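Asker: Sharing a structure with you now.
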Amino acid sequence: MPTERFTFKGHSGHDLAARLDLPPGPHLATALLAHCFTCGKDIAAARRISARLAAVGIAVLRFDFTGLGHSGGEFENTHFSSNVEDIVLAAGALEARGMPPTLLIGHSLGGAAVLKAAPGLPRTKGVVTIGAPSDPANVIAQFEQALPEIAASGRANVSLGGRPFTLGRTFVEDVQDNTLETAIHTLNAALLVLHAPRDEVVSIEHASRIFIAAKHPKSFVTLDDADHLITRPEDAEYVADIISAWAARYLDLSPPAPPPGAPEGIVRVTEADPKGFLQDVQSGPFHHTQADEPLAYGGTNKGMSPYGFLSAGLGACTSMTIRMYARRKGWPLTHVRVDVSHDKVHAQDAETGTRAKIDKFRREVHLNGPLNTEQRERLLEIADRCPVHRTLEATSAVETILVDS
Numbered sequence: 006m007p008t009e010r011f012t013f014k015g016h017s018g019h020d021l022a023a024r025l026d027l028p029p030g031p032h033l034a035t036a037l038l039a040h041c042f043t044c045g046k047d048i049a050a051a052r053r054i055s056a057r058l059a060a061v062g063i064a065v066l067r068f069d070f071t072g073l074g075h076s077g078g079e080f081e082n083t084h085f086s087s088n089v090e091d092i093v094l095a096a097g098a099l100e101a102r103g104m105p106p107t108l109l110i111g112h113s114l115g116g117a118a119v120l121k122a123a124p125g126l127p128r129t130k131g132v133v134t135i136g137a138p139s140d141p142a143n144v145i146a147q148f149e150q151a152l153p154e155i156a157a158s159g160r161a162n163v164s165l166g167g168r169p170f171t172l173g174r175t176f177v178e179d180v181q182d183n184t185l186e187t188a189i190h191t192l193n194a195a196l197l198v199l200h201a202p203r204d205e206v207v208s209i210e211h212a213s214r215i216f217i218a219a220k221h222p223k224s225f226v227t228l229d230d231a232d233h234l235i236t237r238p239e240d241a242e243y244v245a246d247i248i249s250a251w252a253a254r255y256l257d258l259s260p261p262a263p264p265p266g267a268p269e270g271i272v273r274v275t276e277a278d279p280k281g282f283l284q285d286v287q288s289g290p291f292h293h294t295q296a297d298e299p300l301a302y303g304g305t306n307k308g309m310s311p312y313g314f315l316s317a318g319l320g321a322c323t324s325m326t327i328r329m330y331a332r333r334k335g336w337p338l339t340h341v342r343v344d345v346s347h348d349k350v351h352a353q354d355a356e357t358g359t360r361a362k363i364d365k366f367r368r369e370v371h372l373n374g375p376l377n378t379e380q381r382e383r384l385l386e387i388a389d390r391c392p393v394h395r396t397l398e399a400t401s402a403v404e405t406i407l408v409d410s
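Here is the structure:
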């Protein structure tokens with residue numbers, strides 16, 4: 006995933022640090038991701054969600070709010086309303102470079118902030134909240150013991166997520182004064198609410214209130230036993246998969262026309278998970294899929310195995326070849342199905358005359374329609390003329406060269 010460092014001016018004029026994760030293939034849409042309270046753009050959940058969305062063509066900007074992470078300014082001087090301003094400014098920075106965000110994603114208090122910001126961003130077509138509170142004041146529960154000191158002296162040092170922060174009276178008053186009901190009710194975009202029923206930081210009742218307050222189109226998906234910060238990789242992957250599938254209904258994810266000279270004959274395979282085997286597969290300018298290994302072999306089972314792709318190529322070519330021949334002959338073939346299995350067998354078992362192991366592909370061809378016996382037998386013969394079949398049976402040469410990066 007190509008990642009670009011990105012900076013823009015926040016509400017107080019300080020530089021805010023961001024990362025723009027770009028698709029390895031065509032750029033189909035842009036999303037803006039707002040992190041949780043006192044978190045940062047580089048938390049594991051944000052990285053994983055961003056990476057998976059980029060893999061399907063959605064560029065993602067994730068940034069540190071004022072005073073957090075690598076961004077300038079003082080966290081003590083920020084509040085919920087300033088976070089909303091930073092989101093609007095981030096969207097403006099993206100639009101200035103020709104990438105206006107049409108999808109807003111917010112985690113925890115960041116979810117509340119994108120709900121508040123969305124009505125002021127008319128290009129928004131979809132909003133996603135992950136473990137978001139329906140009332141920004143819910144965040145006060147994380148430092149409730151410091152409220153008397155804040156009321157008396159105007160500020161207090163608190164520990165949030167194991168890190169020290171200074172919170173002021175302005176922050177408390179701002180979250181208490183801000184409500185989301187009007188913003189949610191006037192949201193002119195599709196809404197996806199993601200929430201874990203066992204969330205111990207923001208209860209599931211908040212998700213229900215957000216969902217009820219919103220107009221259609223809206224969707225609600227529970228995250229089972231995920232924690233509030235979505236720390237488990239499998240939970241973050243699930244969230245990303247849900248978002249990308251849902252967004253396809255509301256965003257225009259059609260790939261652009263290929264540029265002149267686009268390498269339509271090139272299949273580009275890019276490693277997506279260095280710790281496992283997941284690969285992003287881009288075939289020419291239009292087609293994207295994933296390859297992986299089963300869980301039993303150390304993979305994550307998010308795509309077909311390499312041999313699965315090889316079997317799919319043989320099965321697809323067989324079905325196409327049979328259909329093409331039947332169409333040309335005008336035969337009443339109504340449907341074709343080809344089941345392909347692959348195994349390693351000793352060559353002598355396949356009557357090749359050698360003792361080495363070879364690859365054996367077994368095809369089961371199903372032909373539907375009022376075909377007579379002669380037609381069915383002829384179509385089975387035609388299956389052996391499939392170009393991929395001939396390639397597999399012939400001797401192939403693979404040339405490999407090392408390219409300097």
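Position in the sequence shown (first residue = 1) + 5 = this note's numbering. For glycine and all other residues, C-beta sits at the position ideal for the given N, C-alpha and C. All values derive from a computational prediction rather than experimental measurement.
Thinking C-alpha only, which one of Asp229, Ala219 and Asn193 is nearest Ser208?
Answerer: Closest option to Ser208, Cα to Cα, is Asp229.
Asker: Give the DSSP bridge partners of Gln295, in chain order.
Answerer: DSSP, once it has assigned bridges, lists Asp285 as partnering Gln295.
Asker: According to DSSP, is His211 helix, strand or coil?
Answerer: helix
Asker: Could you tell me the distance, in whole angstroms, from the CA atom of Asp354 to the CA atom of Ile363?
Answerer: Because Asp354 sits at a pLDDT of 42, beneath the cut-off of 50, its placement in the model cannot be relied upon, and the following sentence gives the value as read from the coordinates. Looking at the two C-alpha atoms, the distance is approximately 10 Å.
Asker: Hey, could you find the ends of the alpha helix (DSSP H) Lys121 is sitting in?
Answerer: Boundaries of the alpha helix (DSSP H) harbouring Lys121: Leu114 to Ala122, taken from the DSSP string.
Asker: So, is Leu372 buried or exposed, given that buried needs 16 or more other C-beta atoms within 10 angstroms?
Answerer: It counts as buried.
Asker: Does DSSP put His347 in a helix, in a strand, or in coil?
Answerer: strand
Asker: Identify which residue in Phe366, Thr83, Gly111 and Ala101 has its Cα closest to the Cα of Cys41.
Answerer: Checking every option, the nearest Cα to that of Cys41 belongs to Gly111.
Asker: For Asp246, report the span of its alpha helix (DSSP H) as first-last.
Answerer: Start and end: Pro238 to Ala252.
Asker: Ends of the beta strand (DSSP E) at Thr171?
Answerer: Arg168 to Gly173 is the extent of the beta strand (DSSP E) around Thr171.
Asker: Alpha carbons only, please: which of Asp69, Gly116 and Phe80 is nearest the one belonging to Val163?
Answerer: Phe80
Asker: Could you confirm whether any beta carbon from chain C is found closer than 9 Å to the beta carbon of Ala51?
Answerer: The displayed structure is made up of one protein chain only, and chain C is not part of it.
Asker: Quick one: is Leu99 buried, meaning 16 or more other Cβ sit within 10 Å of its Cβ, or exposed?
Answerer: Buried is the call here.
Asker: Determine which residues share a DSSP beta bridge with Ile110 and list them.
Answerer: Leu38 and Val133
Asker: Could you please give the first and the last residue of the uninterrupted beta strand (DSSP E) stretch that includes Thr227?
Answerer: Lys223 to Thr227
Asker: Taking all protein chains shown into account, decide if Glu90 is buried (16 or more other Cβ within 10 angstroms of its Cβ) or exposed.
Answerer: Around the Cβ of Glu90, a 10 Å sphere holds 16 or more other Cβ atoms; the residue is buried.
Asker: With Ser87 as the anchor, note down where its alpha helix (DSSP H) starts and where it stops.
Answerer: Phe85 to Ala101
Asker: To which residues of the same chain is Gly308 closer than 6 Å at the C-beta, ignoring the five residues directly before and after it?
Answerer: Gln295, Ala296 and Asp297
Asker: Starting from Arg333, trace the alpha helix (DSSP H) both ways and give me its first and last residue.
Answerer: Pro311 to Lys334
Asker: What do you get for Ser76, buried or exposed, if any count of 16 or more other CB atoms within 10 angstroms of its CB means buried?
Answerer: buried
Asker: Have a look at Leu397 and Leu319 and give me their C-alpha separation to the nearest angstrom.
Answerer: Roughly 9 Å between the two C-alpha positions.
Asker: Glu382 to Asp344, Cα distance in whole Å?
Answerer: 18 Å
Asker: In terms of DSSP beta bridges, what is Phe68 paired with?
Answerer: Ala23
Asker: From Leu323 to Leu283, what distance separates their C-alpha atoms?
Answerer: The sequence given here places Thr at residue 323; Leu does not occur at that position. So the two alpha carbons sit approximately 28 Å from each other.
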